[in-house]
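Numbering (the working numbering), first residue to last: 5 to 388. Backbone N, C-alpha and C define an ideal beta-carbon position, used for all residues, glycine too. Every value quoted in this text rests on a predicted model; they were computed, and no experiment measured them. Report on the following structure.
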Amino acid sequence: MFKKSDKPLYGNDRFEGYCIDLLRELSGILGFHYEVRLVEDGKYGALEESTGQWNGMVRELMDHKADLVVAPLAITYVREKVIDFSKPFMTLGISILYRKPNGTNPGVFSFLNPLSPDIWMYILLAYLGVSCVLFVIARFSPYEWYNPHPCNPDSDVVENNFTLLNSFWFGIGALMQQGSELMPKALSTRIVGGIWWFFTLIIISSYTANLAAFLTVERMESPIDSADDLAKQTKILYGVVEDGSTMTFFKKTKISTYDKMWEFMNSRRTSVIVKNIDTGIQRVLTSDYAFLMESTTIEFGASSTPRPTEWEHPWFSRSRISLSTFYLSTHLKIQCNPPIKVRASYEKFLEEVTHYTPVYMEEMESIFDQPQMKERNRMTNNER
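Written out as structure tokens, the structure reads:
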């Protein structure tokens with residue numbers, strides 16, 4: 005990547021990154037001088053079906069415009085037919101980079117969220133119905149009528165506590181778990197009251213159990229947890245870098261999920277296939293777009309970009325990257341063994357450019373799609 009500086013930089017000083025550090029260390033071991041330049045067409049290298057010619061970095065090696073490729077160039081079967089690779093210095097996989105949905109602050113009516121609108125409507129209807137039934141039963145039951153003047157037992161004046169308003173008050177008191185001064189006397193009214201109390205106990209317990217979670221925890225449900233989630237939907241667009249190893253993988257795969265994803269990308273080629281990594285990352289930042297690329301490439305690009313959102317890195321489809329060349333392979337294969345400090349150097353560089361705590365791929369093996377990985381490895385072995 006380009007080095008950020010207030011002063012103009014020239015030559016090799018314009019670049020920084022893990023591959024630059026690796027190239028500097030390699031030049032010290034083999035004793036050569038080098039000049040870093042970017043590939044003219046900005047592509048990694050793929051075989052164009054229309055012309056049958058290679059493009060990108062692979063083409064420049066074949067045309068002897070470059071002696072060595074130091075980049076996250078994945079080792080593939082078709083590339084090994086035309087160029088040589090050193091021993092792999094890193095194992096990686098294809099990651100899905102996307103923007104997580106933003107959380108929302110609780111609104112004025114967030115207290116209604118624990119129950120659906122239908123449930124609230126049914127509770128209201130049940131409250132009205134039970135209050136009216138209690139009023140009617142209390143009017144017909146002789147045990148709910150009493151003499152308001154106990155000193156005059158011969159009085160013909162009787163009263164009933166369960167008027168229509170009091171019946172509604174009894175119902176709302178039970179619903180709010182507060183009770184009331186009204187006490188049913190007749191067996192029939194006590195049965196109705198007991199049923200209503202049991203109903204409110206269940207409703208209030210369920211409501212209370214969910215209320216805290218709805219008010220204090222942002223519901224950040226990730227729409228994408230795997231490649232299968234992408235393949236099953238069309239709302240979130242997804243794509244790859246044009247003529248990269250990731251694109252080649254999806255074009256050549258026989259796994260149904262990945263083949264379905266390629267059909268989707270190929271049908272929307274102009275809108276989802278991007279020219280370079282920076283364009284893909286910017287699309288993730290500004291729209292509903294998921295970017296598929298080698299895990300380390302995405303990790304470097306994402307970590308160097310200040311962003312207001314979080315990122316997810318599901319990882320699938322293992323691959324290896326190494327130095328590639330056309331005619332210096334003998335020296336590279338003999339002397340350029342993967343440095344022991346590769347992992348430490350990788351972590352050190354990532355910490356220097358990152359804006360967040362990195363999550364390394366080894367820590368995410370639990371989300372590997374093992375059956376599909378085995379199928380892909382079997383297919384690769386058969387092709388060889």
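Same chain, Cβ closer than 7 Å to Tyr38, neighbours up to 5 away in sequence not counted: Leu27 and Ser31
Here's a check: name, in chain order, each residue in its chain whose Cβ is nearer than 7 Å to the Cβ of Leu65, leaving out the five neighbours to either side. Val73, Ile87, Ser328, Thr329 and Phe330
Cross-strand partners of Glu298 (DSSP beta bridge): Answer is Ile98.
Same chain only: Cβ atoms within 8 Å of Thr313, ignoring 5 sequence neighbours per side: Any reading at Thr313 must be qualified, since the residue scores a pLDDT of 46, below 50, and its modelled position is unreliable; no value is offered.
My guess is that Phe6 and Phe19 are in contact by the Cβ rule of under 8 Å, so how many angstroms apart are they, rounded? 6 Å
Beta-carbon proximity of Ser326 to Ser99, cut-off 8 Å: No.
Suppose contacts are defined by Cβ-Cβ distances below 8 Å. Is Ala50 in contact with Asp282 by that definition? no
Excluding the 5 residues preceding and the 5 following Met251 in the sequence, name in chain order all residues of the same chain whose CB lies nearer than 6 Å to its CB. Contacts found: Val244.
Please state whether DSSP places Arg103 in a helix, a strand or coil. strand
Taking the alpha helix (DSSP H) that Tyr242 belongs to, which residues open and close that run? That residue, Tyr242, is in no alpha helix (DSSP H); its beta strand (DSSP E) goes Leu241 to Gly243.
Express the C-alpha separation of Arg324 and Asp17 in angstroms, rounding to a whole number. 28 Å
In angstroms with no decimal places, state the Cα-to-Cα distance between Ile338 and Leu101. In this prediction, Ile338 scores a pLDDT of 46, lower than 50, which makes its location untrustworthy; the coordinate-derived value is nonetheless stated afterwards. Ile338 and Leu101: Cα-Cα distance of roughly 37 Å.
Report the residue from Gly183, Ala178 and Met187 whose alpha carbon sits nearest the alpha carbon of Phe166. Met187
Let me confirm a value: Ser135 is counted as buried when at least 16 other C-beta atoms fall within 10 Å, else exposed. Which label applies? buried
Taking buried to mean at least 16 other C-beta atoms within 10 Å of its own C-beta, is Tyr242 buried or exposed? Classification for Tyr242: buried.
Ignore the nearest five residues each way along the sequence and tell me which others in Lys47's own chain have a CB closer than 7 Å to its CB. Asn59, Gly60, Glu246 and Asp247
Beta-bridge partners of Arg324, as assigned by DSSP: Thr95
Could you check what DSSP says for Val278 in three-state terms: helix, strand or coil? strand
Along the alpha helix (DSSP H) that carries Cys136, what are the first and last residues, could you check? Element bounds for Cys136: Pro121 to Phe144.
So, do the stretch 75 to 83 and the stretch 188 to 201 have three or more beta carbon pairs nearer to each other than 8 Å? No contact exists between the stretch 75 to 83 and the stretch 188 to 201.
Assigned exposure category for Val1 - 16 Cβ within 10 Å defines buried: Absent from the structure is residue 1, since the part of the chain shown begins at 5 and ends at 388.
Going by CA-CA distance only, name the one from Asn270, Thr301, Arg272 and Met94 that's closest to Ile285. Thr301
Looking at C-alpha atoms only, which residue of Asn164, Leu128 and Arg83 is the closest neighbour of Ala190? The option with the nearest alpha carbon to Ala190 is Asn164.
Opposite Val73 in the DSSP bridges: which residues? Ser328
Which same chain residues end up closer than 6 Å to Met269 when comparing Cβ atoms and leaving out the 5 residues on each side of it in sequence? Gly243 and Val276
So, for Lys279: in the same chain, excluding its five sequence neighbours on each side, which residues have a beta-carbon less than 7 Å away from its beta-carbon? Gly46 and Glu246
Distance CB(Thr261)-CB(Ala235) smaller than 8 Å: yes
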